[in-house]
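Chains as they are written, first to last, in our numbering: chain A, 1 to 114; chain B, 1001 to 1111.
Positions of the beta carbon are idealized from the N, C-alpha and C atoms, including for glycine.
Remember, it's a predicted structure, so these values are computed and weren't measured experimentally.
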């Protein structure tokens, strides 16, 4: 059974550009959430999607957005990139939304903003 | 006060010994508790989940939860060098998918 798949794995962008990251959840999983990991702030929740609806949002500016498609695949977008957006972006999936569900992480997308 | 607190370490343990990792959380409505292991340059990998008070064992790993004290721990028995990693404690509250992570504890197992 394939795990959570994220693309691209590595990317370098320039300040002011935008970036789109993609995530395919484990087959059958309907909840997809996104996290940002930096050395200073650790792992922080960005947002969660379930059945194409955003269920929960973390404390990030509006430059960070996401969506989920009918096949549960998800994308997140960061516009007007800043140097501080350099991070590992992790997608996670679970069968359902809500507490008590086991959450599995993908390998992540390493974003460097120069 | 941070929602989830862990000793950042580094924690150094000799091979074959028991490694003990601790985590406290502030939100009393937290319902689910997880331990993830993260190797350098890799993504977090789920080690244990625990939902009710007491101990839960899986191989060399034991998770312990005390909701009254808002405390969760992970014990690693017969520590191996391959256990050297950062261990992340994560909690989520009732009804929410959002995981809140601690800063992680760096564990080093010395041969």
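Span of the beta strand (DSSP E) around residue i
i, result
"residue 82/A", "From DSSP, residue 82/A is part of no beta strand (DSSP E); its letter is neither H nor E."
"residue 1052/B", "Where residue 1052/B is concerned, there is no enclosing beta strand (DSSP E), given that its DSSP letter is neither H nor E."
"residue 1111/B", "Looking at the DSSP string, residue 1111/B is not in any beta strand (DSSP E), and its letter there is neither H nor E."
"residue 90/A", "87-94"
"residue 1154/B", "A query on residue 1154/B cannot be resolved here, the shown segment of chain B reaching from 1001 to 1111 and no further."
"residue 1014/B", "1011-1014"
"residue 22/A", "19-24"
"residue 55/A", "53-57"
"residue 1038/B", "1030-1038"
"residue 27/A", "Note, residue 27/A: premise wrong, no beta strand (DSSP E); not H, not E."
"residue 50/A", "42-50"
"residue 12/A", "10-13"
"residue 1005/B", "1004-1006"
Pair within 9 angstroms by beta-carbon distance, residue i and residue j
i, j, result
"residue 106/A", "residue 93/A", "yes"
"residue 1041/B", "residue 42/A", "no"
"residue 22/A", "residue 49/A", "no"
"residue 52/A", "residue 64/A", "no"
"residue 1112/B", "residue 1079/B", "In the structure displayed, chain B extends from 1001 to 1111; residue 1112/B sits before or after that span and is not available."
"residue 1047/B", "residue 1033/B", "no"
"residue 86/A", "residue 29/A", "no"
"residue 1011/B", "residue 1106/B", "yes"
"residue 1036/B", "residue 1045/B", "yes"
"residue 55/A", "residue 1031/B", "no"
"residue 15/A", "residue 110/A", "no"
"residue 74/A", "residue 25/A", "yes"
"residue 967/B", "residue 1109/B", "Because residue 967/B is not part of the residues shown, which for chain B are 1001 to 1111, the question remains open."
Residue i classed as buried or exposed, judged by whether at least 16 other C-beta atoms fall within 10 angstroms
i, result
"residue 103/A", "buried"
"residue 66/A", "buried"
"residue 1083/B", "buried"
"residue 45/A", "buried"
"residue 36/A", "buried"
"residue 1064/B", "buried"
"residue 143/A", "The first residue shown for chain A is 1 and the last is 114, placing residue 143/A beyond what the model contains."
"residue 1029/B", "exposed"
"residue 1026/B", "exposed"
"residue 27/A", "exposed"
"residue 1104/B", "buried"
"residue 2/A", "exposed"
Any non-hydrogen atom of the ligand ATP closer than 8 angstroms to residue i Cβ
i, result
"residue 11/A", "This structure lacks the ligand ATP; in fact it carries no ligand of any kind."
Which residues, taken in chain order from the stretch 41-60 of chain A, show a beta carbon closer than 8 angstroms to some beta carbon of chain B?
42, 43, 44, 45, 48, 50, 55, 56, 58
Do the stretch 63-82 of chain A and the stretch 1058-1070 of chain B make contact, defined as three or more Cβ pairs closer than 8 angstroms?
Contact between the stretch 63-82 of chain A and the stretch 1058-1070 of chain B is absent, with fewer than three C-beta pairs closer than 8 angstroms.
Touch check for the stretch 1002-1014 of chain B and the stretch 1085-1092 of chain B: three-plus C-beta pairs under 8 angstroms?
yes
Give, in chain order, every residue of the stretch 1096-1111 of chain B whose Cβ lies closer than 8 angstroms to some Cβ of chain A.
1096, 1097, 1098, 1099, 1100, 1101, 1102, 1103, 1104
Members of the stretch 96-113 of chain A that neighbour chain B once the beta carbon cut-off is set at 8 angstroms
Of all residues in the stretch 96-113 of chain A, only 97, 98, 99, 100, 101, 102, 103, 104, 105, 106, 107, 108 come within less than 8 angstroms of chain B when Cβ atoms are compared, listed by chain position.
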